[in-house]
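Chemist:
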Amino acid sequence: MEHYDLIVIGGGPSGYAGAMRALDFNKKVLLIEKKRIGGAGVYDGVLTSKTLWELSQKISSIREMIPEYNVNYQDIVNTLKEAVYERKTQMTVHLNLLQKQQPDLFSYEKGTASFIDKHTIAIKKEDGTSKQVSADYILIATGSRPRYLSHIPIDEKIIMTSDGVKNLSELPESLVVLGAGVIGCEFATIFSNMGKTKVYLIDKADRILPFEDEDVAEVISESLQKHGATIHHGSALKRMEIKNGKVEYELEYKDGKTEIIIVDKALVSVGRVANVEHIGLENAGVKLNERGSIWDDDTQTNVSNIYVAGDATTDMALVNVGEREARHAVVRMFGPTIKPLSYQNISTIMFLNPEVASVGMSEQDCKRKGVAHKVVKLDFSTNARAIAMRKTKGFFKIIVTNDNGMRILGMRVVGEHASSAIQAVAYLIHTNQGIRELADMMHPHPSIIEGVQECLRMLLGKSIYKPSIFKDKLKCYVCENNVCTPVESLVSSSNQH
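Position in the sequence shown counted from 1, then plus 208, gives you the working numbering.
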């Protein structure tokens, strides 16, 4: 039986990252993937949906200039295939060359892995053959899949999850999206951007993106509606059925009113489920949590030599989080003692229209936790780069502690190129540094990140545009005990240097 320092189960973003990190420690590694290297992150998730989003944004821009422009969906499909092929080829070639260059350290097996015990794994091949291998440590990175609802007949052709979008051969004339979280809103954005699909979005809450601040959700709602989408606010889905090749769904609103609508396709986006079945966790004694995913403490399961990373925990189904968890787990196995992972200040991007980037706490987080805070908010229309792009919808918002130190608690940017503006502030939060150095740096001009600089200058009472003049564009306010009071300056003149 072949023995390894580490066996990684799952070749998606988390497993791939974990295997590569173990090679940095000169450890003997076996990576096992049952289907396709890259996992959902390449074939059904981030890469495909974000390629679709990028294409839809370009199409939306073209349609602003040429309203009668009609997109050829086959061209979109071909571009998607090219993107997937490019990424898949990069990863596969990398693995093949690693096996040739470092045969004593790295191995890759295609097959289904299952635990025999806490150190032993059985690998079943597609041809029916099997083998057993063992390791000192095992990293579970089996990912997740879209959640199905028992009362909805999901066939991935007429009623789809995100996995079924690739089955479309043409853009539907109408589409309903169930779920108004990030993924649901992203797909609603993508299809409404294309200009050929009437989009309906079922939102059981009073507003979409309920985990985000109201001002963020308001901008995205306005954009969706501007692009022809209908948002069913405060609606409960009574039923969704396939009839005569179309989708019929019935809604009930809070006032008791019901409504029946027929559309061509439906997309169900109600979360994800960890892939933990049929891998023999019980044979190794690995415990699940109350959500049915793998329990962990800073990536270590209840079995000391078995670790987990990525969607298998379903704590936060993000590629960057999964990769970071896997690398962290490997360092815990083979490296020096390190601090536990922190999930407080993760930078995230929501691929909407306009783009949304966030890090740290939101305003509603602060209010819910009773944290006194200060807020500065700057409209995108004051930013020279946004004006040059003719994309002035959106805002910058920075939330800081309500004291003279003004430590950054969080930031939200809504607007074109929002993702480019977030990481410098994320670094300040991560390192617990002040804001003066970033405020006084020479930022490139014209650039979106100048909006961040101007927000910091507002905090320091030395902005170029004055809140007392541009009251609708620049806002400052202090929030204590869930009461927010507008102010013209957040610092005294003695602190302005």
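C-beta atoms are modelled at their ideal positions from N, C-alpha and C, and glycine is treated no differently.
Between which two residues does the alpha helix (DSSP H) harbouring Met524 extend?
Modeler: Along the sequence shown, read from residue 1 onward, the residue named residue 524 stands at position 316. It is not in any alpha helix (DSSP H) - Met524 carries neither H nor E in the DSSP assignment.
Chemist: Does DSSP classify Val162 as helix, strand or coil?
Modeler: Here the chain has residues from 209 to 705 only, and residue 162 is not among them.
Chemist: Could you give the distance in angstroms between the alpha-carbon of Thr369 and the alpha-carbon of Glu420?
Modeler: Here residue 369 refers to the residue found at position 161 when the sequence shown is read from its first residue. Here residue 420 refers to the residue found at position 212 when the sequence shown is read from its first residue. Spanning the two alpha carbons is a distance of roughly 23 Å.
Chemist: Nearest to Gly623 by alpha carbon, out of Met597, Lys454 and Lys674?
Modeler: Within the sequence shown, residue 623 is the residue found at index 415, counting from 1. Comparing Cα-Cα distances from Gly623 to each of Met597, Lys454 and Lys674, the minimum goes to Met597.
Chemist: Compare the beta carbon distance of Gly387 and Val527 with 8 Å and say whether it is the shorter of the two.
Modeler: Reading the sequence shown from its first residue, position 179 is the one you call residue 387. Reading the sequence shown from its first residue, position 319 is the one you call residue 527. Against a cut-off of 8 Å, the Cβ pair of Val527 and Gly387 comes out as no contact.
Chemist: Between which two residues does the beta strand (DSSP E) containing Ile217 stretch?
Modeler: Translated into positions along the sequence shown, residue 217 becomes position 9. Glu210 to Ile217 is the extent of the beta strand (DSSP E) around Ile217.
Chemist: Would Lys333 be called buried (16 or more neighbouring beta carbons within 10 Å of its own) or exposed?
Modeler: In the sequence shown, residue 333 corresponds to position 125, counting from 1. With fewer than 16 Cβ atoms within 10 Å of its Cβ, Lys333 is classed as exposed.
Chemist: Report the three-state DSSP secondary structure of Gln307 (helix, strand or coil).
Modeler: For this step, residue 307 is matched to residue 99 along the sequence shown. Gln307 falls in the helix class under three-state DSSP.
Chemist: Thinking C-alpha only, which one of Phe395, Lys582 and Arg532 is nearest Lys683?
Modeler: Counting from one through the sequence shown, the residue named residue 683 turns up at place 475. Out of Phe395, Lys582 and Arg532, Lys582 has the C-alpha closest to the C-alpha of Lys683.
Chemist: Expressed to the nearest angstrom, what Euclidean distance is found between the alpha-carbon atoms of Ser257 and Gly392?
Modeler: For this step, residue 257 is matched to residue 49 along the sequence shown. For this step, residue 392 is matched to residue 184 along the sequence shown. Approximately 11 Å, taken between the alpha carbons.
Chemist: Touch check for the region 547–557 and the region 351–359: three-plus C-beta pairs under 8 Å?
Modeler: Segments in contact, no.
Chemist: Does the region 290–297 come into contact with the region 422–438, if we say contact requires no fewer than three beta-carbon pairs (one atom in each stretch) closer than 8 Å?
Modeler: The answer is no - the region 422–438 does not touch the region 290–297, with fewer than three Cβ pairs under 8 Å.
Chemist: Below 8 Å on the Cβ atoms is my guess for Ala757 versus Ile217; work out the distance and round it to an integer in Å.
Modeler: Any answer about residue 757 is impossible in this case: the structure gives the chain only from 209 up to 705.
Chemist: Can you tell me where the beta strand (DSSP E) holding Arg480 begins and where it ends?
Modeler: What you label residue 480 is simply residue 272 of the sequence shown in a count that begins at 1. Arg480 to Ala482 is the span of the beta strand (DSSP E), which, as asked, contains Arg480.
Chemist: Less than 6 Å between C-beta atoms, sequence neighbours within five positions excluded: which residues of the same chain meet that for Pro548?
Modeler: By one-based count along the sequence shown, residue 548 stands at place 340. If we look at Pro548 and ignore the five residues flanking it on each side, its Cβ neighbours are Asp506.
Chemist: Please work out which residues of its chain come closer than 6 Å, Cβ to Cβ, to Met558, disregarding the five sequence neighbours upstream and downstream, and give them in chain order.
Modeler: As a position in the sequence shown, residue 558 is number 350, starting the count at 1. Only Val390 and Val564 meet the Cβ criterion.
Chemist: Which residues bound the alpha helix (DSSP H) around Thr397?
Modeler: Mapped onto the sequence shown, residue 397 falls at position 189. Unbroken alpha helix (DSSP H) run through Thr397: Val390 to Met402.
Chemist: Nearest by alpha-carbon distance to Gly453: which of Ser628, Leu303 and Ile362 is it?
Modeler: On the sequence shown, residue 453 is found 245 positions in, with the first residue counted as 1. Among Ser628, Leu303 and Ile362, the Cα nearest to that of Gly453 belongs to Ile362.
Chemist: Report the residue from Gln282, Ala517, Asn375 and Gly403 whose alpha carbon sits nearest the alpha carbon of Ile270.
Modeler: What you label residue 270 is simply residue 62 of the sequence shown in a count that begins at 1. Cα-wise, what sits closest to Ile270 is Gly403.
Chemist: Tell me where the alpha helix (DSSP H) around Ser222 begins and ends.
Modeler: On the sequence shown, residue 222 is found 14 positions in, with the first residue counted as 1. Element bounds for Ser222: Pro221 to Asp232.
Chemist: Taking the alpha helix (DSSP H) that Ile362 belongs to, which residues open and close that run?
Modeler: As a working mapping, residue 362 is identified with position 154 in the sequence shown. Premise fails: Ile362 is in no alpha helix (DSSP H) and is neither H nor E.
Chemist: Would you say the beta carbon of Lys365 comes nearer than 7 Å to a heavy atom of the ligand NAD?
Modeler: No copy of the ligand NAD appears in this structure; indeed no ligand is present at all.
Chemist: Look up Ser177 in the DSSP assignment and say whether it is helix, strand or coil.
Modeler: Here the chain has residues from 209 to 705 only, and residue 177 is not among them.
Chemist: Report yes if the C-beta distance between Ile643 and Leu664 is below 8 Å; otherwise report no.
Modeler: As a first step, residue 643 is located in the sequence shown; it is residue number 435 there, counting from the start. As a first step, residue 664 is located in the sequence shown; it is residue number 456 there, counting from the start. Yes; because the gap between Cβ atoms is below 8 Å, this pair is in contact.
Chemist: Any chance the region 486–497 sits against the region 409–425, with 3 or more Cβ pairs inside 8 Å?
Modeler: Result no; under three Cβ-Cβ pairs closer than 8 Å.
Chemist: I need the straight-line Cα distance from Ala225 to Ala647, nearest angstrom please.
Modeler: Counting from 1 along the sequence shown, the entry for residue 225 is found at position 17. Counting from 1 along the sequence shown, the entry for residue 647 is found at position 439. If you take the alpha carbons of Ala225 and Ala647, they lie about 35 Å apart.
Chemist: Tell me whether Val494 sits in a helix, a strand or coil according to DSSP, three-state version.
Modeler: Taking the first residue of the sequence shown as 1, we reach residue 494 at position 286. Coil.
Chemist: Rounded to the nearest angstrom, how far is the Cβ of Ile366 from that of Lys473, given a contact under 8 Å?
Modeler: One-based indexing of the sequence shown puts residue 366 at position 158. One-based indexing of the sequence shown puts residue 473 at position 265. Right, the Cβ-Cβ distance comes to about 6 Å (below 8 Å), so this counts as a contact.
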